[in-house]
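Participant: Position in the sequence shown (from 1) plus 266 gives the number in the working numbering.
Yeah, the Cβ is synthetic: ideal placement off N, Cα and C, and Gly gets one too.
Computed from a predicted model, the values in this text were never measured in an experiment.
A single structure is presented below for examination.
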Amino acid sequence: MINDPKSAQFITWTELGTSFVVQNVGEFSRTILGSHFKHNNFSSFVRQLNMYGFHKINRTPRAQRSSADVQTWEFSHHKFLRGRPDLLEEIKRKALEPDPSLKHRVELPGEVAAQLSQMRDDNRRLVTALHAEKQKVDRLANVTKAMYDLLTKSLPGGGESLVTIHRARMT
267 MINDPKSAQF ITWTELGTSF VVQNVGEFSR TILGSHFKHN NFSSFVRQLN MYGFHKINRT
327 PRAQRSSADV QTWEFSHHKF LRGRPDLLEE IKRKALEPDP SLKHRVELPG EVAAQLSQMR
387 DDNRRLVTAL HAEKQKVDRL ANVTKAMYDL LTKSLPGGGE SLVTIHRARM T
């Protein structure tokens, strides 16, 4: 398309041959795109170029960007160079980005997966049991504290009597 003389008024190489320019985007879309692609939609053409690693530069001043007919776009790819058709086969479609949530997933053999699942279930049960035991310990600690408080108030001399009794038992 870029080397076709019929397209020269719409698409040309830059002076250095390191990128190409599409002028008059509206007319280019209507006249040229349909004969090379299944569509004549310039946005789809740009998307296709992007999927192959081309970069676009809108050379139209911001004030003139409202009309597609007068827009000028430049596209470049480090392996798309004038006079270097040998590099064309190295231009490949970009691989789709993998789903980040699947990035670290590993497919395990069935038996290992079953064992892992069993271990997860066991772990959940242990965590639940541990939580229940912790609640029992907290309740016992509260009962013990309440009993201590009650004894310190009811014994003559308060808490000092309890300390004396405790020391006597220890010796």
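1. From which residue to which residue does the alpha helix (DSSP H) around residue 280 run?
2. Okay, do the segment 292 to 309 and the segment 341 to 348 touch, 3+ Cβ pairs below 8 Å being the bar?
3. Does the distance between the C-beta of residue 414 and the nearest non-hydrogen atom of the ligand GDP fall short of 6 Å?
4. In angstroms with no decimal places, state the Cα-to-Cα distance between residue 307 and residue 322.
5. Taking its Cβ as the centre, do 16 or more other Cβ atoms sit within 10 Å of residue 420, making it buried, or is it exposed?
6. Which word fits residue 416, buried or exposed, when buried means at least 16 other C-beta atoms lie within 10 angstroms of its C-beta?
7. Taking the alpha-carbon of residue 315 as reference, which of 395, 288 and 297 has the nearest alpha-carbon?
8. So residue 300 and residue 347 are supposed to be a Cβ contact under 8 Å. How far apart are they, rounded?
9. How far does the alpha helix (DSSP H) with residue 286 in it reach, from first residue to last?
10. Does DSSP classify residue 397 as helix, strand or coil?
11. Which value, in whole angstroms, describes the spacing of the CA atoms of residue 398 and residue 378?
Facilitator: Well, looking at it:
1. Within the sequence shown, the letter at position 14 stands for residue 280. Going by DSSP, residue 280 is part of no alpha helix (DSSP H) at all; its letter is neither H nor E.
2. Three or more Cβ pairs closer than 8 Å define a contact, and the segment 292 to 309 falls short of that threshold against the segment 341 to 348.
3. The ligand GDP is absent from the structure shown, which contains no ligands of any kind.
4. As a position in the sequence shown, residue 307 is number 41, starting the count at 1. As a position in the sequence shown, residue 322 is number 56, starting the count at 1. The alpha-carbon atoms of residue 307 and residue 322 are separated by roughly 16 Å.
5. The residue you call residue 420 lines up with position 154 of the sequence shown. Around the beta carbon of residue 420, fewer than 16 other beta carbons lie within 10 angstroms, which makes this residue exposed.
6. To locate residue 416, count along the sequence shown from 1; it is residue 150. Within 10 angstroms of the beta-carbon of residue 416 lie fewer than 16 other beta-carbons, which makes it exposed.
7. Here the question's residue 315 lines up with position 49 in the sequence shown. Of the candidates 395, 288 and 297, 288 places its Cα closest to the Cα of residue 315.
8. Numbered from 1 along the sequence shown, position 34 holds the residue referred to as residue 300. Numbered from 1 along the sequence shown, position 81 holds the residue referred to as residue 347. Rounded to whole angstroms, the Cβ separation of residue 300 and residue 347 is 27 Å, and the two are not in contact under 8 Å.
9. In the sequence shown, the residue the question calls residue 286 occupies position 20. Per DSSP, residue 286 belongs to no alpha helix (DSSP H); it is in the beta strand (DSSP E), 285 to 289.
10. As a first step, residue 397 is located in the sequence shown; it is residue number 131 there, counting from the start. DSSP, reduced to helix, strand and coil, places residue 397 within a helical segment of the structure shown.
11. As a working note, residue 398 is residue 132 in the sequence shown. As a working note, residue 378 is residue 112 in the sequence shown. Approximately 30 Å between the Cα atoms of the pair.
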